[in-house]
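Chemist: Pasting a structure here, questions to come.
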Amino acid sequence: MKKYLIQILTVLFISVLITFGCTPEDDNGLNQTEKRIDTYDEFSGRITYHNEPVEAYDGSGKKASNNMTEFIYVANVTSPTIHGKRLSATGISIDGNKAYVSYHWNEGEADFAGAVEVIDIADPSQPVLIQGVYFTDTDLNELYVENNELYVVGGRSLSSSGYDPAVTSGGVVEVIELSGGLPTTNVQEASIPSYSGNSVFRDGDNLYCVSGNTGGGVFEVSLSPSNYLQVTESDYYNNSKFGVMGGSYYTFLETGSSPNLHIHNGNNFDPASKTVVPLASPTAPDDGKKVLSVDYPNQVAYVSSGSYGLHSYDLFTQSGTPVESFNTQGNGLLNGVDYDHNYVYAAKGSEGLYILDKDTLSKIMANFSFDGSANFVKSSVENVFIAHGKGGLRILAKEKETGAPDDPIETEPCSTLLGNIADLFPERENAMNNHPNLFAGGSTKNVVLDQSSEVYVQFVWEGAGKTNTFGYFTYPKNNPPTSMQDIQNLQKHVVFPNVTKTSDGGGLNQGDMVQLGNGAFPANTLIGFYLVVDGWSGGKMVSGSTTIYSLPQFNDNTTQQHLLFVENSCDDLTLTFEDLLLPHGDKDFNDIILVVKDNDQGLVNTKFDLTGVVHK
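The UniProt record's numbering numbers the first residue of the sequence shown as 1 and each following residue consecutively.
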């Protein structure tokens, strides 16, 4: 297939200006020049500030007597206008202290215009519009930010673009260069099949563009210089709505009366080897906005299904039967969904935004209703953004999520433990040289139960430069995993979503203890551990940069990244990590310090098999 690529810097806009009768300055103060693409920074009267708590529910579907002060309505941002017409907010992407919002012209089929605006959210209670870029002939539907570039998909008038209608019906992907996080007019564009792009993300040197109810699908678009912005792989199917990346998976949503999840494993976009999971619940209407959000660390996919509500699906079992569902008796369509560590956010059209308990989707914690339709929702560290079409954007501030475990057991570590470990593993001294027996092939590196027992992990210290997620997995001692596929198939359980102490911006205090599982593990169970490096970001668990296992053969470079030993003065079974993948890092193996116990009373362990465990 021939690919069409054009480079746009400051292309003069001629015929469209005449067609739409646009004035040089729209009613929101946007100074529109005679260019197809231009930037602007005038936002007079566009943002209104509020300080209103969100209406709370008691969890049973009834309104509570008080408001939910954890969420505060802080700002309303009206939409920009182009061609004298107000645009509709469509998508939101977060990068650090900036939120990027896309807009399109939601009028007739022949009407095209769009914009991207940047909001400074350094102060979550006082968001500030700082810059925008408009397109006079292109709808912009959804966006993704990475590496000083902004990737946006949408639809463009064929009469303006000159694209071959045999190749595309108008779908495009735009690459906008950023300078200091702000959009420039250095824009490059390529066509993609179907009428309009619905979502986009980047992984490595490729974009993955989702497009079209008709003639669309998912398209891998290269960012490599040798075939820049060419489609290098295609997966065609109708009703292709949304795609997300996380862990080692790409997951895409196909909607309609027989919806599917299309899952590509190993960060490898290969239509021939993908897994297709038929979903039990249909979606409707076909032209509605449907969104997929995936909590990869917990292997849960949330699907907004329009009139059929919100459903969660288990990606570990890859069952198409919903695990949980949410809907109301109202007329609003479930258009969008996002989540953080504690909540799921459901954008339900005319009913506004529902804030749901993440552990029980049917449990409504709050409802934020307003004039307009909630079409898309995005959660960041300290804000929730709701796009509502021509009404623009509503912004909530929320308490900062630290990733602390729910209701940890408060304990006191052995008083001499931390000091002794500091002596054993001084900062920036190579533990591999100082303690070679901890790395020897015959030393025991995982916890084995000699008899049935409960198991606990106690947080002692953290000095890592990254925000990591810690968890565990189990298997029978005599049936270990033998391949990477085996280790990936083991059920993973999160212990500390963010292994960061309170003084470093996390939520862990020394001595915080968590029980593994809900009861006793049987004898001869092996308990292994894992660390998702950079696994906590934006107030929620993410896929991270790599995963470290206590089975070194499954780590990148097959390097040992943890130590397991009995600290002699306290008789504590101690677990430590080096979170930078070797051979990098300082190799002191004291970035994270934990203690593994068979009781929560501070007693000496008696139920672990300590054969082969080094004593220090």
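Note that CB positions come from ideal geometry on N, CA and C, so glycine has one too.
In or out: proline 285 buried (at least 16 other Cβ within 10 Å) or exposed?
Modeler: exposed
Chemist: Can you grab the Cα-Cα spacing for the pair alanine 404 / asparagine 509, in whole Å?
Modeler: 9 angstroms
Chemist: Count the other CB atoms within 10 Å of the CB of residue 619; is the residue buried (16 or more) or exposed (fewer)?
Modeler: Examination of residue 619 is not possible in this model, given that the chain is present from 1 through 616 alone.
Chemist: If you draw a straight line from the C-alpha of asparagine 298 to the C-alpha of asparagine 206, how long is it?
Modeler: 26 angstroms
Chemist: For phenylalanine 439, collect the residues of the same chain with a Cβ closer than 7 angstroms to its Cβ; drop the 5 residues on either side in sequence, then sort them by chain order.
Modeler: Met432, Gln560
Chemist: Kindly indicate which three-state DSSP category serine 325 falls into: helix, strand or coil?
Modeler: strand
Chemist: Between which two residues does the beta strand (DSSP E) holding alanine 56 run?
Modeler: 47-57
Chemist: On the three-state DSSP scale, how would you describe glutamate 25?
Modeler: Because the pLDDT of glutamate 25 is 42, which lies under 50, any placement of that residue in the model is unreliable, and the number read from its coordinates should be weighed accordingly. Note: glutamate 25 maps to strand in three-state DSSP.
Chemist: Go through the region 427-512 residue by residue and report every complete run of the alpha helix (DSSP H) that reaches 4 residues or more, in order.
Modeler: 431-434, 484-489
Chemist: Verify whether the separation of the beta carbon atoms of tyrosine 57 and isoleucine 395 is less than 8 angstroms.
Modeler: no
Chemist: Tell me the rounded alpha-carbon separation between valine 101 and glycine 288.
Modeler: Going by the C-alpha atoms only, they are around 19 angstroms apart.
Chemist: Going straight from the alpha carbon of leucine 334 to that of valine 323, what length do you get?
Modeler: Each residue's alpha carbon lies about 17 angstroms from the other.
Chemist: Check whether the Cβ atoms of threonine 411 and glycine 511 sit closer than 8 angstroms, and answer yes or no.
Modeler: yes
Chemist: Mapping the DSSP letters down to three states, classify glycine 132 as helix, strand or coil.
Modeler: strand
Chemist: Just grab the DSSP bridge partners of valine 532 for me.
Modeler: Thr469, Thr547
Chemist: Could you spell out the range, first to last residue, of the beta strand (DSSP E) harbouring isoleucine 119?
Modeler: 114-120
Chemist: Drop a sphere of 10 angstroms on the beta-carbon of asparagine 489, count the other beta-carbons inside from all chains shown, and report buried for 16 or more, exposed for fewer.
Modeler: exposed
Chemist: Here's the rule: buried if 16 or more other CB atoms are within 10 angstroms of the residue's CB, otherwise exposed. What is valine 533?
Modeler: So valine 533 ends up on the buried side.
Chemist: With distances taken between CB atoms, is the gap from valine 187 to glycine 197 smaller than 8 angstroms?
Modeler: no
Chemist: Suppose the cutoff is 7 angstroms on Cβ atoms and the five residues either side in sequence are ignored; what does the same chain contact list for glutamine 491 look like?
Modeler: Phe316, Phe473
Chemist: Any idea which residues DSSP pairs histidine 311 with across the strands?
Modeler: Val303, Ser325
Chemist: Could you check the C-alpha separation between asparagine 498 and leucine 531 for me, to the nearest Å?
Modeler: 10 angstroms
Chemist: Run through the DSSP bridge pairs and tell me what glutamate 174 is partnered with.
Modeler: Glutamate 174 pairs with Val152, Glu189.
Chemist: Starting from serine 379, trace the beta strand (DSSP E) in both directions and tell me its first and last residue.
Modeler: Unbroken beta strand (DSSP E) run through serine 379: 376-379.
Chemist: Leaving out the 5 sequence neighbours to the left and right, which residues in its chain are closer than 7 angstroms to leucine 594 when beta-carbon positions are compared?
Modeler: Val457, Gln458, Phe459, Val460, Leu575
Chemist: Using the C-alpha atoms, what's the distance from methionine 68 back to serine 226?
Modeler: 53 angstroms
Chemist: Is the CB-CB distance between phenylalanine 589 and leucine 563 below 8 angstroms?
Modeler: At the C-beta level, phenylalanine 589 and leucine 563 come within 8 angstroms of one another.
Chemist: Quick one: grab the DSSP three-state call for tyrosine 195.
Modeler: coil
Chemist: Around the Cβ of lysine 400, are there at least 16 other Cβ atoms within 10 angstroms (buried) or fewer (exposed)?
Modeler: exposed
Chemist: Are asparagine 524 and leucine 449 close, meaning C-beta to C-beta below 8 angstroms?
Modeler: Leucine 449 sits close to asparagine 524, with the two beta carbons spaced by under 8 angstroms.
Chemist: Please state if the CB of glycine 162 and the CB of tyrosine 195 are separated by a distance shorter than 8 angstroms.
Modeler: Not in contact: tyrosine 195 and glycine 162 (Cβ atoms no closer than 8 angstroms).
Chemist: Considering only residues of the same chain and omitting the five flanking positions on each side of leucine 87, which have a CB-CB separation below 8 angstroms?
Modeler: Ser79, Pro80, Thr81, Tyr103, His104, Trp105, Asn106, Ala113, Gly114, Ala115, Lys390
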